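Take a look at the structure set out below.
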Amino acid sequence: MAYKRQIDQLPIVPKDAKEFNVTCHYCIVGCGYKAYTWPTNKQGGTAPDQNKFGVDLGKQQPAETAAWYSPAMYNIVKQNGEDVHIVIKPDKDCVVNSGLGSVRGARMAEMSYSRQRNTQLQRLTDPMVWRYGQMQPTSWDDALDLVARITVGAITQQGGEDNLVVSAFDHGGAGGGYENTWGTGKLYFGAMKVKNIRIHNRPAYNSEVHATRAWAS
Amino acid sequence: MKRCKLMVDVGRRQFLSGASMAAAGVAAATVAIPQGKAASPARLSYPSNRLANVSELKANEPLNVSYPDNDAPGVLLKLGKRVANGVGPERDIVGFSTTCPHKGFPLSYNKSDRTLNCPGHYSRFDCEAGGQQIWGQATQNLPQYVLRVDANGDIYAEGVDELLYGRLSNVL
Chain U
11 MAYKRQIDQL PIVPKDAKEF NVTCHYCIVG CGYKAYTWPT NKQGGTAPDQ
61 NKFGVDLGKQ QPAETAAWYS PAMYNIVKQN GEDVHIVIKP DKDCVVNSGL
111 GSVRGARMAE MSYSRQRNTQ LQRLTDPMVW RYGQMQPTSW DDALDLVARI
161 TVGAITQQGG EDNLVVSAFD HGGAGGGYEN TWGTGKLYFG AMKVKNIRIH
211 NRPAYNSEVH ATRAWAS
Chain P
1281 MKRCKLMVDV GRRQFLSGAS MAAAGVAAAT VAIPQGKAAS PARLSYPSNR
1331 LANVSELKAN EPLNVSYPDN DAPGVLLKLG KRVANGVGPE RDIVGFSTTC
1381 PHKGFPLSYN KSDRTLNCPG HYSRFDCEAG GQQIWGQATQ NLPQYVLRVD
1431 ANGDIYAEGV DELLYGRLSN VL
């Protein structure tokens, strides 16, 4: 059966909730979102002067309203060490997306780490190496040592730079992408001038999209 | 339950010194439930609304309804084949909200593949699969009604399984 959250009401963003203009942390398009956070012991109300949107939330809102968010846009997360409610919803005043949200970006809140609501608990905390038939955690020293020795071995023992093939991530600007790719770029393109490198989900170091299409890394 | 007045964990020195911390003088306050104030329920209470009778439904013809109030349009569908969550004698009657969970545009029913489709940004939902979003922008599958059919064939809606578009509580 189709998955249903069985959520039939959400906390209302109070009028004095903290408000942030944020960018979606997924693809390079960079859609604009509003993030609202407020303490866990507070809530907004349906009266126009009690909620962030200034409308009567006791009434059905029309299509394309800015005064609604789905359960995917709500969570409880840590902010400066404290638990807070958070709502992340598309920003209709952003020229990039004018309030639209994709099925991925609109779920940013739900896809955040929350111990209280058991979302995204599976964090990557250690380097992982394939050993004995499965991915196993290891130390940074071990992981870096492995990469270094394999790299050197491919070049010196297997006949030269042509034998070194690298499969790397490069997922665009969001989610630490600039930082990650700065690292791989400096190492493989800057220092090593590697000959054979591809991004993990495509056959070369190429774009994900075809021909004249814009907006994808 | 009352506060424990025994000196079990006071500590040997204090006990022997005779210091009576908790025993005397502390009023044992029992917490009484305030009379006349109903405890607020943990979940919403949905109305049980009669939407139609089984005899009014024709196979593959959507019947316009609204639930839980008139500002929340939807349809009842007799799919003609048994589906999970289907009610009625053939277990083929389902009900869905027809407000797209993406941006609130009205969905329209496509008879040939039993889907509800949105003209706004082209999201599509499969009525035979519990409103599964086939493709689209919505962050939910299509909200479906919890239905019950009584001995007279009257169909009641008694709940919704996702948050309806445009309201932060399914029951306003």
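Here the protein sequences come in this chain order: U and P.
In terms of our numbering, the first sequence opens at residue 11 and continues consecutively.
In terms of our numbering, the second sequence opens at residue 1281 and continues consecutively.
Quick reminder that beta carbons are idealized off the backbone N, C-alpha and C, glycines included.
Since the model is a prediction, treat every value here as computed from it, not as a measurement.
Relative to the C-alpha of residue i, which residue among the options is closest?
| i | options | result |
| --- | --- | --- |
| Ala-214 (chain U) | U:Trp-192, U:Val-176 and U:Arg-127 | U:Val-176 |
| Leu-1444 (chain P) | P:Gly-1410, P:Trp-1415, P:His-1382 and P:Asp-1434 | P:His-1382 |
| Val-54 (chain U) | U:Asp-26, U:Trp-150 and U:Gln-70 | The residue you asked about is not Val; residue 54 (chain U) is Gly in the sequence shown. Here the closest residue by C-alpha is U:Asp-26. |
| Asp-1441 (chain P) | P:Ser-1403, P:Ala-1431 and P:Tyr-1425 | P:Tyr-1425 |
| Asp-1393 (chain P) | P:Arg-1404, P:Gly-1384, P:Lys-1282 and P:Thr-1378 | P:Arg-1404 |
| Gln-16 (chain U) | P:Leu-1422, P:Ile-1435, P:Val-1429 and P:Gly-1446 | P:Leu-1422 |
| Ala-1364 (chain P) | P:Gly-1354, P:Asp-1372 and P:Lys-1358 | P:Asp-1372 |
| Pro-1327 (chain P) | P:Glu-1438, P:Val-1429 and P:Gly-1416 | P:Glu-1438 |
| Phe-30 (chain U) | U:Lys-14, U:Arg-212, U:Asn-173 and U:Trp-48 | U:Trp-48 |
| Thr-1379 (chain P) | P:Ala-1418, P:Ala-1319 and P:Glu-1408 | P:Ala-1418 |
| Glu-1408 (chain P) | P:Tyr-1389, P:Cys-1398, P:Gly-1400 and P:Pro-1399 | P:Tyr-1389 |
Under 6 Å Cβ to Cβ from residue i, same chain only, skipping five residues before and after it: list those, please.
| i | result |
| --- | --- |
| Gln-126 (chain U) | Ile-86 |
| Met-118 (chain U) | Ile-98 |
| Ser-1377 (chain P) | Gly-1354, Pro-1423 and Leu-1444 |
| Ser-217 (chain U) | none |
| Ala-12 (chain U) | none |
Run the CB neighbour count on residue i, radius 10 Å, all protein chains shown included, and call it buried at 16 or more, exposed below.
| i | result |
| --- | --- |
| Ile-209 (chain U) | buried |
| Asn-1344 (chain P) | exposed |
| Asp-168 (chain U) | Position check: residue 168 (chain U) holds Gln in this sequence, whereas Asp was assumed. Exposed, by the Cβ-count rule. |
| Arg-133 (chain U) | exposed |
| Ile-160 (chain U) | exposed |
| Pro-1342 (chain P) | buried |
| Asn-1450 (chain P) | buried |
| Met-10 (chain U) | Given a span of 11 to 227 for chain U in the structure shown, any question on residue 10 (chain U) remains unanswerable. |
| Tyr-43 (chain U) | buried |
| Asp-103 (chain U) | exposed |
Sorted by chain position, which residues of the same chain lie with C-beta nearer than 7 Å to residue i's C-beta, five sequence neighbours on each side aside?
| i | result |
| --- | --- |
| Ser-1335 (chain P) | Gly-1433 |
| Leu-67 (chain U) | Ile-22, Thr-56, Asn-61 and Ala-77 |
| Arg-114 (chain U) | Tyr-36 |
| Ile-207 (chain U) | Val-176, Ala-178, Tyr-198 and Tyr-215 |
| Tyr-1402 (chain P) | Gly-1416 |
| Ala-1332 (chain P) | Leu-1343, Val-1345, Leu-1356 and Ile-1435 |
Is residue i a contact residue of the ligand FMN, with contact defined as CB to any heavy atom under 7 Å?
| i | result |
| --- | --- |
| Asn-1450 (chain P) | Questions concerning the ligand FMN fall outside what the structure shown contains, since it holds no ligand whatsoever. |
Suppose the cutoff is 8 Å on Cβ atoms and the five residues either side in sequence are ignored; what does the same chain contact list for residue i look like?
| i | result |
| --- | --- |
| Trp-140 (chain U) | Gln-146 |
| Lys-1338 (chain P) | Lys-1358 |
| Gly-1366 (chain P) | Leu-1359, Asp-1372, Ile-1373 and Val-1374 |
Runs of beta strand (DSSP E) lying entirely within the region 1329–1375 of chain P, each at least 3 residues, in chain order: 1329–1333, 1343–1346 and 1353–1358
Chain-ordered residues of the region 14–28 of chain U with a beta carbon less than 7 Å from chain P: Lys-14, Arg-15, Gln-16, Ile-17, Asp-18, Gln-19, Leu-20 and Ile-22
Pull out every residue of the region 80–100 of chain U whose Cβ sits closer than 9 Å to any Cβ of chain P, in chain order. Ser-80, Pro-81, Ala-82 and Met-83
Near-chain P residues of the region 61–72 of chain U - C-beta to any C-beta below 8 Å: Leu-67, Gly-68, Lys-69, Gln-70, Gln-71 and Pro-72
When you check each C-beta in the region 1437–1449 of chain P against every C-beta of chain U, which residues fall closer than 9 Å? Gly-1439, Val-1440, Asp-1441, Glu-1442, Leu-1443, Leu-1444, Tyr-1445, Gly-1446, Arg-1447, Leu-1448 and Ser-1449
Under 8 Å (Cβ pairs) to chain U, residues found in the region 1350–1361 of chain P: Asp-1351 and Ala-1352
When you check each C-beta in the region 1362–1389 of chain P against every C-beta of chain U, which residues fall closer than 7 Å? Listed by position, the residues of the region 1362–1389 of chain P near chain U (Cβ gap below 7 Å) are Ala-1364, Asn-1365, Pro-1381, Lys-1383, Gly-1384 and Phe-1385.
Residues of the region 1392–1412 of chain P in Cβ contact with chain U at a cutoff of 7 Å, in chain order, please. Ala-1409, Gly-1410, Gly-1411 and Gln-1412
Quick check for students: name the residue ranges of the alpha helix (DSSP H) that lie wholly in the region 147–185 of chain U, counting only runs of 4 or more. 150–166
When you check each C-beta in the region 113–130 of chain U against every C-beta of chain P, which residues fall closer than 7 Å? Here the close residues are Val-113, Ala-116 and Arg-117.
Identify each residue in the region 1419–1434 of chain P for which the Cβ-Cβ distance to at least one residue of chain U is less than 9 Å, and report them in chain order. Thr-1419, Gln-1420, Asn-1421, Leu-1422, Pro-1423 and Gln-1424
Cβ-based contacts, 9 Å cut-off: residues of the region 1319–1347 of chain P near chain U: Arg-1323, Leu-1324 and Tyr-1326
Please identify, using Cβ separations under 7 Å, the residues of the region 159–189 of chain U that lie next to chain P, in order along the chain. none
Could you give the uninterrupted runs of the beta strand (DSSP E) lying entirely in the region 49–130 of chain U, keeping only those of 3 residues or more? Unbroken beta strand (DSSP E) runs of no fewer than 3 residues, entirely contained in the region 49–130 of chain U, are found at 84–89 and 92–100, following chain order.
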